[in-house]
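Structure first, then comments.
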Amino acid sequence: MQKGKCRGLQTDIFYSEQGRRSINTAKAICSECPIRQQCLDYAMRNQELYGIWGGHTEIERKKLRKEWEEKALNDLSKT
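Numbering follows the working numbering, with no gaps: position 1 of the sequence shown is 37.
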């Protein structure tokens with residue numbers, strides 16, 4: 037099993053309240069991660085509310101969740 041690029045790093049990089057600079061640092065780490073999609077999937081399934089997961093902020097994941105829910109509803113209405 038592959039390991040994430042974040043393994044062994046301080047978690048405050050991904051849970052920082054220090055603004056855009058910290059978010060960009062976390063996203064840069066995620067962008068090179070071999071398990072980025074699995075990380076995002078985990079966060080979405082478990083409704084992680086805080087931090088950067090799979091290269092996405094809380095707000096970005098909330099938007100993705102809404103888009104996925106709308107798509108699922110549309111798919112259901114077509115059946």
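Glycine residues also receive a C-beta, built at the ideal position from the N, C-alpha and C atoms.
Backbone CA spacing between residue i and residue j [nearest angstrom]
i	j	result
E103	E96	11 angstroms
M37	Q83	Reliability of the predicted coordinates at M37 is poor, the pLDDT of 47 falling under 50, and no value is obtained from them.
R43	C66	11 angstroms
D48	K107	34 angstroms
I88	S52	9 angstroms
M80	K39	19 angstroms
When the options are compared against residue i, the one with the closest alpha-carbon
i	options	result
E68	N110, D111, K98, K41	K41
G61	P70, F50, L109	The question names Gly, but residue 61 is Thr in the sequence shown. Per the Cα distances, F50.
Under 8 angstroms between C-beta atoms of residue i and residue j
i	j	result
E94	L85	yes
- Item | 4 or more residues per run - each alpha helix (DSSP H) lying fully within the stretch 52-102 | For the stretch 52-102, whole alpha helix (DSSP H) runs of length 4 or above, ordered along the chain, are 56-67, 72-81.
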